[in-house]
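Each position in the sequence shown, counted from 1, maps to that position plus 89 in this note's numbering.
Even for Gly, the Cβ is constructed at its ideal location relative to N, Cα and C.
Please read all numbers here as calculations on a predicted model, not as lab measurements.
Worksheet: one structure, shown below.
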Amino acid sequence: MIKRTINDAAGLSGIDCFLFDMDGTLYLGNDVLPGARELIELLHAQNRKAVYITNNSSRSDADYVRKLNNMGIRSTLDEFFSSADAIAYWLSENHPGARLNVLGTDSFKGFLAERGFRIVDEYTADPAEKPDFAVLGFDTSMTYDKLRIFCDYVTDGVRYIATHPDMVCPAEHHRSIPDAGSFMLLIEGATGRRPELISGKPSPAMINIITKKLGVSKSRTAVVGDRLNTDIMSGINAGTKTVCVLSGETDLALLRSSEVAPDYIFDSVLEIYENLKNSR
Ligand SMILES: [Mg+2]
90 MIKRTINDAA GLSGIDCFLF DMDGTLYLGN DVLPGARELI ELLHAQNRKA VYITNNSSRS
150 DADYVRKLNN MGIRSTLDEF FSSADAIAYW LSENHPGARL NVLGTDSFKG FLAERGFRIV
210 DEYTADPAEK PDFAVLGFDT SMTYDKLRIF CDYVTDGVRY IATHPDMVCP AEHHRSIPDA
270 GSFMLLIEGA TGRRPELISG KPSPAMINII TKKLGVSKSR TAVVGDRLNT DIMSGINAGT
330 KTVCVLSGET DLALLRSSEV APDYIFDSVL EIYENLKNSR
């Protein structure tokens, strides 16, 4: 076990707000990881904030509340933040009411429609009806027609943005399924274009919005996650503390070969719990 800081307990005890990745950090697939329930209870008892951040834009925040609560991890809707929330926030701030062609689930499209955006599903060459943005999410209900229309708009020069760059998403039985990043490559192959903005990790957008909303300082905020290139990089890009757990995608060999250096490294959230339990 390597640790890059000498006194982990002292370092983490100064953190008021923990931003948790979920899969590989608090649970694996449908199985809660050891220490996850205990750590979240402890954070509440110690008057620290626990917030859950996910790049997955195929499921709603309410789906995640249900999932965590079913695992015995106490959580409420206002503690969740996804790449979908972040892209909606960016669009609302900069382009309220924009017309959007969306490569995403009905849940994601409904979420955007509720926030005042107009969803354009069909292809139109009429400049007055054309979408302002082509928005790539994690579309688990993709069809060739949807993909073709999306690529047509991107080829036409419609502004192209995306929720997250993950190539695969963990699935049951230790398998993974193609995620938005894989489709980004496909779209680039077909159109020659990459998105101009990606709202999810490793972009700092989600963290910037959350720390502003909650009024917590970044020096007293830590991102906890299992992926170096997304979770840990988002914290580094945002200027928060970073905590890598080895319960998911990253192992010691990967850590040693990577240039991404988290502030703290723990085997799992159980170790964070052990470190924090006598700190307040
Ligand atoms: Mg993860």
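| Check | Outcome |
| --- | --- |
| So, with DSSP's three-state summary, where would you put K92? | Any reading at K92 is ruled out, since the residue's pLDDT is 47, under 50, leaving its predicted position unreliable. |
| Taking 7 Å as the cut-off, is the beta-carbon of G378 closer than that to any non-hydrogen atom of ligand 1? | Residue 378 cannot be examined here, being either before or after the span of the chain that is shown, 90 to 369. |
| So is the beta-carbon of G374 under 7 Å away from any non-hydrogen atom of ligand 1? | Only positions 90 to 369 of the chain appear in the structure, and residue 374 is not among them; the question remains open. |
| What would DSSP say about A223, mapped onto helix, strand or coil? | strand |
| Leaving aside the five residues before and after P351 along the sequence, list all residues of the same chain whose C-beta is less than 7 Å from its C-beta, in chain order. | I321, T331, V332, C333 |
| Who does G275 pair with in a DSSP beta bridge? | Looking at the sequence shown, residue 275 is not Gly but Leu. Beta-bridge pairing links L275 to no other residue. |
| Please find out if some non-hydrogen atom of ligand 1 comes closer than 7 Å to the beta-carbon of R316. | yes |
| Any idea if L180 is buried or exposed, counting beta-carbon neighbours within 10 angstroms, 16 or more meaning buried? | buried |
| In three-state terms, what does DSSP make of N190? | strand |
| Taking a contact to mean a Cβ-Cβ separation below 8 Å, would you say V349 touches N326 in this structure? | no |
| Just checking my contact of D315 with E285 at CB under 8 Å: how many whole Å lie between their CB atoms? | Wrong, their Cβ atoms sit about 28 Å apart, outside the cutoff. |
| Is T331 near ligand 1, with its Cβ less than 7 Å from a heavy atom? | no |
| Can you tell me whether P216 is buried or exposed, with buried defined as 16 or more other CB within 10 angstroms of its CB? | exposed |
| Could you tell me the distance, in whole angstroms, from the CA atom of Y362 to the CA atom of L131? | 7 Å |
| Is the segment 149-167 touching the segment 201-212, taking contact as three or more C-beta pairs under 8 Å? | no |
| To the nearest angstrom, how far is the alpha carbon of G113 from that of K235? | 31 Å |
| Measure the beta-carbon distance from A294 to M273 and round it to whole angstroms, keeping in mind my assumption that it falls under 8 Å. | 17 Å between Cβ atoms; not a contact. |
| Do T310 and T280 come within 8 Å of each other at the CB atom, strictly closer than that value? | no |
| So S288 and A175 are supposed to be a Cβ contact under 8 Å. How far apart are they, rounded? | 4 Å |
| Check each candidate in L343, L201, K366, L335 and name the one with the smallest Cα separation from S357. | L335 |
| Are there any heavy atoms of ligand 1 lying less than 7 Å away from the beta-carbon of G337, as far as the coordinates show? | yes |
| L192 and P220: beta carbons closer than 8 Å? | no |
| Based on Cα-Cα distance, which residue from E261, G226, K307, G324 lies nearest to I276? | G226 |
| Could you tell me the alpha carbon to alpha carbon distance between A223 and G100, rounded to whole angstroms? | 43 Å |
| Output the residue ranges of the alpha helix (DSSP H) runs that lie fully inside the segment 239-301 and measure 4 residues or longer, sorted by chain position. | 269-280 |
| Can you tell me the Cα-Cα spacing of S149 and R369, whole angstroms? | 34 Å |
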